[in-house]
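Converting from the sequence shown to this note's numbering requires adding 8 to each position, the first position being numbered 1. First the structure, in the form of structure tokens, and then the observations on it.
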Amino acid sequence: MTSEDVATVRGGYLAMELTVSYVIVPLAFAALVTGVVQALGTPWGLLRHYWVLVKLLLTVVATVVLLAETKTISAMAEYASSDADPRALPGSLPHSVGGLVVLLTITMLSVVKPQGLTPYGWRKQQQRRKKSDKRMVATG
């Protein structure tokens with residue numbers, strides 16, 4: 009985006025639009041869908057632990073921001089494909105850095121898995137303990 013060559017800058021904006029439209033947006037939706045499916049299919053659950061909820065919320069917010077930014081990137085690519093000088097266009101570095109921070113936070117939550125049950129998770133845990141205690145008494 010800082011090149012002196014207009015054709016290089018123009019190509020950068022056009023490549024950015026293609027990458028966002030055909031790679032980043034589909035992968036964002038895939039992350040959202042696979043995250044929900046995995047959460048529902050594992051003992052962690054979707055609503056039992058705060059860290060899972062935070063990951064879900066961060067993914068949803070990041071996807072919404074990405075969709076809004078996609079419109080901006082498309083407009084910049086359209087401008088860059090005209091005869092106008094694309095070097096005057098703003099970059100998308102703040103959104104890129106913000107997205108990276110969100111992805112690193114989500115990854116950190118996946119690795120660390122901080123403790124903390126939601127009220128729903130706590131009730132489910134108590135129900136499982138009561139069932140386990142009843143089985144122990146019945147077999148004991």
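Glycine included, C-beta positions come from ideal geometry on N, C-alpha and C. On a predicted model such as this, the values are computed, not experimentally measured, just so you know.
- When rounded, the separation of the alpha-carbon atoms in Thr126 and His57 is 5 Å.
- Beyond the five residues adjoining it in sequence on each side, Met9 comes within less than 7 Å, by CB distance, of Val17, Gly20 and Gly99 in the same chain, given in chain order.
- Taking each of Ala146, Lys142 and Ala23 in turn and checking the Cα distance to Ile81, the smallest one comes out for Ala23.
- When DSSP states are grouped into helix, strand and coil, Leu40 belongs to the helix group.
- Bridge pairing for Leu125: His57 [DSSP].
- Taken atom to atom, the span from the alpha-carbon of Lys79 to that of Lys138 is near 52 Å.
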